[in-house]
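Going by full-length UniProt numbering, the letters in the sequence shown line up with residues 1 to 328, in that order.
No residue lacks a Cβ here, since even glycine has one placed at the ideal position from N, Cα and C.
Please read all numbers here as calculations on a predicted model, not as lab measurements.
Remarks on the structure that follows.
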Amino acid sequence: MFSGTVVVITGASSGIGRATALRFAKRGAAVVLASRRSEALAELAVECETAGGKALAVQTDVTDAGQVQALARRAVDTFGTIDVWVNNASVSVFAPFLEMPLDDIRRVLDVNLMGYIYGAKAALGVMTKQGHGSLVNVASIVGEVPQPYTAPYGMAKAAVRALSVSLRSELALAKQKHISVSTILPATIDTPFFRHAANYTGREVLAMPPVYAPDIVAKAIVKVSKKPQNELIAGGPIAKTLVAQHRKTPAVIEAQMAQQTDKTHLSMTTAAPRTRGALYSPPSTTDATVTGGWNGRQREGNRKILGSLLAATIGVLLARRVLAHSDS
Numbered sequence: 001m002f003s004g005t006v007v008v009i010t011g012a013s014s015g016i017g018r019a020t021a022l023r024f025a026k027r028g029a030a031v032v033l034a035s036r037r038s039e040a041l042a043e044l045a046v047e048c049e050t051a052g053g054k055a056l057a058v059q060t061d062v063t064d065a066g067q068v069q070a071l072a073r074r075a076v077d078t079f080g081t082i083d084v085w086v087n088n089a090s091v092s093v094f095a096p097f098l099e100m101p102l103d104d105i106r107r108v109l110d111v112n113l114m115g116y117i118y119g120a121k122a123a124l125g126v127m128t129k130q131g132h133g134s135l136v137n138v139a140s141i142v143g144e145v146p147q148p149y150t151a152p153y154g155m156a157k158a159a160v161r162a163l164s165v166s167l168r169s170e171l172a173l174a175k176q177k178h179i180s181v182s183t184i185l186p187a188t189i190d191t192p193f194f195r196h197a198a199n200y201t202g203r204e205v206l207a208m209p210p211v212y213a214p215d216i217v218a219k220a221i222v223k224v225s226k227k228p229q230n231e232l233i234a235g236g237p238i239a240k241t242l243v244a245q246h247r248k249t250p251a252v253i254e255a256q257m258a259q260q261t262d263k264t265h266l267s268m269t270t271a272a273p274r275t276r277g278a279l280y281s282p283p284s285t286t287d288a289t290v291t292g293g294w295n296g297r298q299r300e301g302n303r304k305i306l307g308s309l310l311a312a313t314i315g316v317l318l319a320r321r322v323l324a325h326s327d328s
């Protein structure tokens, strides 16, 4: 299906990026793999070639516009084109806002927003000349319903959604009918991402349930690169319900998100040291895996239970609001 397709993926060394690279490679694509971890990229390149694709590893720090432009040039020089560009590299910091170091806030925005801007400029610079291509921006459910303790992450992901809309508008005005811009909104995904986050809360960062396997996002990315879609939620019914309900009753959902983050995203029992995580230096190559050990594929039962509780909670809260309004 993707034989001869050239796909550039940032943040490719682990998690969603790694899963996406392997999924494209299995379908015959040539994947250009970018991240800060050269050894991890070299290992992944071998896996992708074994899976049936072609691969080029390019060590890249997405906060450096020059390196991102060089990434695009390497892709074109090696394979002649860029058909799909996936902006995926992301980092995060957990801390109460007033205790969050300003440098760390700036770093999250540099990676998660400026990195996407540099990627979009590099990708669209090539695509507008060749007249076709697909830009895929991996945002987050948190870009729709922000959490406490991760303000810069939510800010960046919301901004990425706005960036995608603006780019689609400009491409439409320029009559670039064969260039698409899609945004993916993953729910909580079973990757090493949470171990790599900076953390000043004193509590261990956990993957907040419900947790989904990385391949659910990889499938979504492959899907929109083939059949463009403006925005696609990568998660089950709970994630889709959360987004839809937030647009109807934002206060209710935001209150629920705050409570769930405090109770399930940060451990209630396990302490954690202050750490800058992978903000300024890449994590160990030994942690360059697709999954993070959160058992995303095995938690369907918990997911269904949580979905029932979510629906029940929303129903009760909405009923109370209706009664209160009628009594007034």
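Handout entry: Proximity to L273 [Cα-Cα], best of M208, K219 and R203
Key = The identity of residue 273 in the sequence shown is Pro, whereas the question assumes Leu. P273 has its Cα closest to that of R203, out of M208, K219 and R203.
Practice task
Count the other C-beta atoms from every protein chain shown that fall within 10 angstroms of the C-beta of E170, then say buried if there are 16 or more, exposed otherwise.
Solution key: exposed
Practice task
Could you tell me if A29 is buried or exposed, where buried requires 16 or more neighbouring beta carbons within 10 angstroms of its beta carbon?
Solution key: Burial call: buried.
Handout entry: Continuous alpha helix (DSSP H) stretch holding A258: start and end
Key = P250 to Q260
Handout entry: 8 Å contact criterion, which R18 and V290 should meet: CB distance rounded
Key = 5 Å
Handout entry: Span of the alpha helix (DSSP H), counted from its first residue to its last, around V275
Key = Rather than Val, the amino acid found at residue 275 in this sequence is Thr. Taken as a continuous stretch (DSSP letters only), T275 belongs to no alpha helix (DSSP H), as it is neither H nor E.
Problem - Coarse secondary structure for Y116, derived from DSSP in three states - result: DSSP places Y116 in helix when its eight states are reduced to three.
Handout entry: Every unbroken beta strand (DSSP E) within the region 141 to 205, with a cutoff of 3 residues, ordered by chain
Key = 179 to 186 and 203 to 205
Handout entry: Three-state secondary structure (DSSP) of Q229
Key = coil
Handout entry: Segments assigned beta strand (DSSP E), at least 3 residues, entirely inside the region 38 to 66
Key = Whole beta strand (DSSP E) segments, 3+ residues: 54 to 59.
Exercise for the section: In the DSSP assignment, find the alpha helix (DSSP H) that holds A21 and state where it starts and stops. Expected result: G15 to K26
Problem - Alpha-carbon spacing of E300 relative to S38, whole angstroms - result: Summary for E300: the model assigns pLDDT 41, below 50, so the residue's position carries little reliability, and this model does not support an answer.
Practice task
Flag this pair as touching only if the region 209 to 220 and the region 161 to 179 have three or more C-beta atom pairs under 8 Å; answer yes or no.
Solution key: In short, these stretches do not touch, since the Cβ pair count stays below three.
Exercise for the section: Keeping to the same chain, check which residues put their C-beta closer than 8 Å to that of A70; ignore five residues upstream and five downstream. Expected result: Cβ within range, chain order: V58 and T60.
Problem - Length of the line joining the Cα atoms of A255 and A34 - result: 37 Å
Problem - Endpoints, the beta strand (DSSP E) within which I9 is located - result: V6 to T10
Problem - R303 versus A288 - alpha carbon distance - result: Caution applies to R303, whose pLDDT of 48 falls short of 50 and renders its modelled position unreliable; the model cannot decide the point.
Handout entry: Which of helix, strand or coil DSSP assigns to R303
Key = The predicted position of R303 is uncertain, since its pLDDT is 48 and thus under 50; a value taken from the coordinates is nonetheless stated next. Of the three classes helix, strand and coil, the one that applies to R303 here is helix, per DSSP.
Exercise for the section: Apply the 10 Å Cβ neighbour rule to Y200 and answer buried if 16 or more other Cβ atoms are within range, or exposed otherwise. Expected result: The residue in question, Y200, is buried, as its Cβ has 16 or more Cβ neighbours within 10 Å.
Handout entry: Element boundaries [alpha helix (DSSP H), containing V108]
Key = L102 to L109
Handout entry: Under 9 Å between C-beta atoms of I16 and I189
Key = yes
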